[in-house]
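Asker: Numbering-wise (our numbering), the sequence shown opens with residue 572 and increments by one.
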Amino acid sequence: MTSCASRKNIVYFQDIEDIDKLASKVIYDPVLQPDDLLTITVSAVNRETVELFNLPVVAFMGADGVAAGRTQYQTYLVDNEGNIEFPVIGTVQLGGLTRKEAINLLRGKISHYVKDPIVNIRIMNYKVTVLGEVARPGSYTIPNERITIPEALGLAGDLTVYGKRDNILVIRDKNGQKTYTRVDLTKKDMLESPYYYLQQNDVIYVEPNGAQVQASAYNRNASVIVSVASIIISLISILTR
572 MTSCASRKNI VYFQDIEDID KLASKVIYDP VLQPDDLLTI TVSAVNRETV ELFNLPVVAF
632 MGADGVAAGR TQYQTYLVDN EGNIEFPVIG TVQLGGLTRK EAINLLRGKI SHYVKDPIVN
692 IRIMNYKVTV LGEVARPGSY TIPNERITIP EALGLAGDLT VYGKRDNILV IRDKNGQKTY
752 TRVDLTKKDM LESPYYYLQQ NDVIYVEPNG AQVQASAYNR NASVIVSVAS IIISLISILT
812 R
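1) To which residues of the same chain is LEU726 closer than 6 angstroms at the C-beta, ignoring the five residues directly before and after it?
2) Are there any heavy atoms of the ligand ADP lying less than 7 angstroms away from the beta-carbon of GLU704, as far as the coordinates show?
3) When the Cβ atoms of the region 713-730 are set against those of the region 651-658, are three or more pairs found closer than 8 angstroms?
4) Restricting to runs no shorter than 4 residues, where is the alpha helix (DSSP H) found entirely within the region 717-779?
5) Would a C-beta distance cut-off of 8 angstroms place LEU623 and VAL659 closer than the cut-off?
6) Does the region 680-691 come into contact with the region 747-763, if we say contact requires no fewer than three beta-carbon pairs (one atom in each stretch) closer than 8 angstroms?
7) Hey, could you find the ends of the alpha helix (DSSP H) GLY667 is sitting in?
8) Measuring CB to CB, does PRO601 end up less than 8 angstroms from ASN651?
9) Compare the C-alpha of VAL649 against each of GLN770, ARG743, THR610, TYR733 and name the closest.
10) Work out the CA separation of VAL732 and ILE775 for me, nearest whole Å.
11) Helix, strand or coil: which one does DSSP assign to VAL621?
12) Which of the three DSSP states is assigned to LEU648 in this structure?
13) Sorted by chain position, which residues of the same chain lie with C-beta nearer than 8 angstroms to GLN645's C-beta, five sequence neighbours on each side aside?
14) Could you pull the start and end residues of the beta strand (DSSP E) that ARG707 belongs to?
Written out as structure tokens, the structure is:
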């Protein structure tokens with residue numbers, strides 16, 4: 572009975588049969604947000620025509636003042652209103668747009684100056700944070716800007732046996748407000764949830780189960796009892812000298 576209960580508490584996607592074939596209906600494209608750091612590059616057949624639309628590349632210098640061979644693109648900071656200042660064009664609102672929508676918007680504006688421009692956008696500070704009952708809680712940078720809840724938990728070393736798999740909390744910034752959503756990792760429905768793919772700056776919190784809460788409370792009480800007992804013994808020792 573105990574082993575069955577334990578398995579039920581720790582196994583993911585319990586209602587997926589061996590022959591199930593699930594086609595996820597979720598199409599992922601990151602949504603640009605305030606405080607995103609973006610690299611935006613513009614290219615075209617005629618390279619000279621796009622120079623004004625690209626920020627200068629920064630070269631890193633060594634201790635001797637000689638270029639160290641590493642370069643880095645400068646970034647655009649999306650401000651609190653969702654805007655960036657783009658060369659030639661000026662203020663452009665990208666916040667709230669998917670990356671594809673933002674690329675199409677910039678391509679349309681640049682097309683007034685350049686024939687058939689190619690625009691590429693990368694989010695340089697894309698990260699998610701995993702907290703609670705996992706092996707390695709912390710913040711994780713996601714270079715490819717695409718990650719699911721199971722993948723994020725994998726980066727954090729998976730849930731401990733004390734983590735509640737049926738009540739994962741996802742905290743997300745949406746239009747300047749925090750949203751809180753519960754996700755059940757034991758059900759296959761999670762694979763079609765809009766929270767299956769994480770957005771940048773999402774926070775995952777794994778709650779402890781009842782056994783862990785009770786154990787923590789017991790340990791705290793035991794520590795208090797030991798401390799009080801130590802004080803009493805010390806007082807008795809002093810008074811009986």
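Beta carbons: idealized from backbone N, C-alpha and C, even for Gly.
Note that this is a predicted model, so its numbers are computed, not measured.
Answerer: Judging by the given coordinates:
1) TYR711
2) Although the ligand ADP was asked about, the structure shown includes no ligands whatsoever.
3) no
4) 720-726
5) yes
6) Counting Cβ pairs under 8 angstroms, fewer than three are found: no touch.
7) Looking at the DSSP string, GLY667 is not in any alpha helix (DSSP H), and its letter there is neither H nor E.
8) no
9) Ranked by Cα distance from VAL649, the options GLN770, ARG743, THR610, TYR733 are led by THR610.
10) 17 angstroms
11) Of the three classes helix, strand and coil, the one that applies to VAL621 here is helix, per DSSP.
12) strand
13) THR610, LEU626, PRO627, VAL628, VAL629
14) Premise fails: ARG707 is in no beta strand (DSSP E) and is neither H nor E.
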